[in-house]
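In the working numbering, the protein residues as written are 31 to 167. Written out below as structure tokens is the structure these notes cover.
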């Protein structure tokens, strides 16, 4: 199977609306990613075999960029906490309510916000590399 078909298949399997509904149902980002990998194990392994060292390094760079952006968002979010005690109390109450519904922590919330974008960007980068290589051949 060609790399483009694999990327297209993986992209179709990773739908933002479905992921968001899984998050709303209380699944953690780790559970979502592990479930995706189980469902698409054959395609992921085949894609991994088709990727060259140069492509894997590019994926690593995209991952580092996403991590950097996630840290920046976290820092910006931490700066926006209100200084008023009343507002802090309301935020704490909301956090307690949310923690009863969906387990949250900083890493999972960052992954929830950025994992979809990372996968889409990574798939687009890999697809662009594959298409450009085919164009030169």
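No residue lacks a Cβ here, since even glycine has one placed at the ideal position from N, Cα and C. Quantities reported herein were computed from a predicted structural model and do not represent experimental measurements.
Can you give me the C-alpha to C-alpha distance between residue i and residue j, rounded to a whole angstrom?
{"i": "residue 85", "j": "residue 54", "result": "34 Å"}
{"i": "residue 61", "j": "residue 67", "result": "10 Å"}
{"i": "residue 108", "j": "residue 63", "result": "26 Å"}
{"i": "residue 25", "j": "residue 153", "result": "Since the displayed the chain opens at 31 and closes at 167, residue 25 lies outside it and no answer follows."}
What whole-angstrom Cβ distance do residue i and residue j have, given they're in contact under 8 Å?
{"i": "residue 88", "j": "residue 155", "result": "6 Å"}
{"i": "residue 157", "j": "residue 78", "result": "No, residue 157 and residue 78 are not in contact; Cβ-Cβ is about 15 Å, not under 8 Å."}
{"i": "residue 92", "j": "residue 151", "result": "6 Å"}
Under the rule that 16 or more other beta-carbon atoms within 10 Å means buried, what is residue i, buried or exposed?
{"i": "residue 57", "result": "buried"}
{"i": "residue 162", "result": "exposed"}
{"i": "residue 96", "result": "buried"}
Taking Cβ positions, are residue i and residue j nearer each other than 9 Å?
{"i": "residue 160", "j": "residue 38", "result": "no"}
{"i": "residue 106", "j": "residue 73", "result": "no"}
{"i": "residue 69", "j": "residue 51", "result": "no"}
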